[in-house]
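Note that the protein sequences, when read in sequence, are chains R and B. Residues in the first sequence are numbered from 626 upward in steps of one, following the working numbering. Residues in the second sequence are numbered from 626 upward in steps of one, following the working numbering. Glycine residues also receive a C-beta, built at the ideal position from the N, C-alpha and C atoms. Computed from a prediction, not measured in an experiment: that's the story for all the values here. Have a look at the structure below before the remarks.
There are 2 protein chains.
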Amino acid sequence: MTYIEDTLVALADPTRRAIFEKLKRGAAPVGVLAAGLPVSRPAVSQHLKVLKQAGLVTDRAEGVRRIYAINRAGLTAMRDWIDGFWDTALEGYAAAFEDEANGEEHK
Amino acid sequence: MTYIEDTLVALADPTRRAIFEKLKRGAAPVGVLAAGLPVSRPAVSQHLKVLKQAGLVTDRAEGVRRIYAINRAGLTAMRDWIDGFWDTALEGYAAAFEDEANGEEHK
DNA sequence: ACTTACCGTAAGTGATTACTTACTGATAGT
DNA sequence: ACTATCAGTAAGTAATCACTTACGGTAAGT
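Okay, here's the thing in structure tokens:
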């Protein structure tokens, strides 16, 4: 299982987002993904590891290359998490007060 | 305008997510949000600043208190960004190759 | 077998950042 | 006016993390 924590952390980094958005065009090996980016190829490998653990990409071996592709699992997990905030009360100030106001002793 | 960068960075932090999820129950002042969290109240203020700049919360003054509430703008921006990945090719390896294979001179 | 191409990992470094305490400001009540 | 409450800001610190170079390991070609 993959947690929303990992997904958000993975996509918060600009370099990882650049890699992820490159995969929009289709699956690609590491070398192709690293080309054009302002970081070294090992850096891309490290980022891909994070993206994989977040459920955002999959990898398959093809000869000596490793082909990475977008994995929808991470995206759906993120979508579901966002949707959980959709039907929340934008107001409801009093309610939050009564529930959370423990912790300060009434002097 | 708020950028996807800020939104993702804001929600990547566990403390900020905890604050944001507390607001699910409804709007609340800083003191109430800070209660129960393992960080100081100034820390919560700093986090709320980041969340606000990311378009995830709004704040309004109410006497000496500052009431924070969820702002759907940041959430919709995030949803739209995710949806942009939805109709991508999971394969299409060759296509990516031909386009991106510039950068290495054919020796 | 040797070489070449491709990729992941190890180790070390610099910069970012989340946190603390101390303070300043503003509002409300007595 | 004085006091108390609530919250944002300043400054300093410790830990995280994205990056580099160096290395090791595997697959394919000659």
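Residue of R:670, R:691, R:663 and R:675 minimising C-alpha distance to residue 632 (chain R): Ranking R:670, R:691, R:663 and R:675 by Cα distance to residue 632 (chain R) puts R:675 first.
Helix, strand or coil for residue 686 (chain B), going by three-state DSSP, please let me know. Strand.
State whether the region 694-701 of chain B contacts the region 648-662 of chain B, with contact taken as three or more CB pairs (one from each stretch) at a distance under 8 Å. The region 694-701 of chain B makes contact with the region 648-662 of chain B, as at least three CB pairs between them are under 8 Å.
If we count the other Cβ atoms within 10 Å of its Cβ and call it buried at 16 or more, is residue 699 (chain R) buried or exposed? Buried.
Could you check whether the Cβ of residue 707 (chain B) sits closer than 8 Å to any Cβ belonging to chain R? So, interface residue.
Can you list the residues of chain B that residue 627 (chain R) reaches, using a CB-CB cut of under 7 Å? Chain-order list of chain B residues neighbouring residue 627 (chain R): empty, with the shortest C-beta distance near 15 Å, by a criterion of under 7 Å.
Would you verify that the beta carbon of residue 676 (chain B) is, or is not, closer than 8 Å to some beta carbon of chain R? Taking 8 Å as the CB threshold, residue 676 (chain B) stays off the interface with chain R.
Residues of chain B with CB under 8 Å from residue 639 (chain R), in chain order? Neighbours of residue 639 (chain R) in chain B, taken as residues at a C-beta separation under 8 Å, are given in chain order as 630.
Which residues of chain R have a Cβ atom closer than 8 Å to the Cβ of residue 634 (chain B), listed in chain order? Those within 8 Å of residue 634 (chain B) in chain R are 637.
Grab me the residues of residue 686 (chain R)'s own chain with a C-beta within less than 8 Å of its C-beta, minus the 5 sequence neighbours each way, in chain order. Setting aside the 5 residues that flank it on each side, residue 686 (chain R) is surrounded in the same chain by 692, each with a C-beta closer than 8 Å to its C-beta; the list follows chain order.
Please state the DSSP three-state secondary structure of residue 723 (chain B). Residue confidence for residue 723 (chain B) is low, a pLDDT of 44 falling below 50, so the modelled location carries little weight; the figure read from the coordinates is stated next. Shown here, residue 723 (chain B) sits in a helix according to DSSP, grouped into three states.
Using a beta-carbon distance below 8 Å, is residue 700 (chain B) in contact with chain R? For residue 700 (chain B), the nearest beta carbon of chain R is closer than 8 Å to its own beta carbon.
So is residue 666 (chain B) buried or exposed if we call it buried at 16+ other beta carbons inside 10 Å? The residue in question, residue 666 (chain B), is exposed, as its Cβ has fewer than 16 Cβ neighbours within 10 Å.
Short check: CB of residue 668 (chain B) to CB of residue 627 (chain B), under 8 Å? At least 8 Å separates the beta-carbon of residue 668 (chain B) from that of residue 627 (chain B).
Our contact map puts residue 630 (chain R) next to residue 663 (chain B) with C-beta atoms below 8 Å; I'd like the distance itself, whole angstroms only. Rounded, the Cβ-Cβ distance is 16 Å, inconsistent with contact.
Rounded to the nearest angstrom, what separates residue 682 (chain R) and residue 661 (chain R) at their Cα positions? When the Cα atoms are used, residue 682 (chain R) and residue 661 (chain R) turn out to be separated by approximately 20 Å.
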